[in-house]
Structure formats: C-alpha cells, structure tokens
Amino acid sequence: MAYTFIVAMEKALRAAFNLKLIEALQSQYPDVFVKATVYDGKKNLYTSHKLNFGAGMSRQFKVTWTEGNRASNFKITITEAREISME
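Counting with UniProt numbering, you get residues 1 to 87 for the letters of the sequence shown.
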C-alpha cells in the first residue's frame, strides 16, 4: 500500500522553501514521521505507511524554521487523501 496526503501551507510559499519546511516538519515530529515521505513541493505528500493522526483524518502542525538568529513559525495541515493499492 501507498498513501497520498494533501498538504496545506498557512502561507503561499515557493516550492523549494516548502520542501525545506516539510523536512523540518519530519524532524520536529518523529513520532508521526517514523519513515521518510516524498513531497512534490506543492500539495502532495506520499508515504509507504499510514501517518498516525490519532482518530482524525488530518492534523495541523506548527513548524519552527530557524535561519541565522531569526525563527519563524509556520502552520502546516496534512490531510489523508487516499490509499493506493500497489497490486
């Protein structure tokens, strides 16, 4: 099985920066992202396993991005879209 998730960023950002935010998200929430994911930089996130959102189909995350001595917070919502059979 593979899983597709929809990623909604709080602000419209460039795809290259979105990729960095998703990397930061995965490192800041290792309990949810126990294995690597694939992100297209826009709105699609792919995994080989179901993400643990508890009882819900989506979850909002607060990600801290630090550059130099400046830190910024971003809200990222990830929603389960569909399950893909690999057969």
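Glycine included, each C-beta is placed from N, C-alpha and C at the ideal position.
Check	Outcome
Using 8 Å as the threshold, is the C-beta distance between I6 and A71 below it?	no
Would Y46 pass as a contact of A2 if the rule is Cβ separation under 8 Å?	yes
Can you tell me which of the three DSSP states K20 falls into?	helix
Report yes if the CB atom of T4 is closer than 8 Å to the CB atom of I84, and no otherwise.	yes
Give the DSSP-derived three-state secondary structure of A81 in the structure shown.	strand
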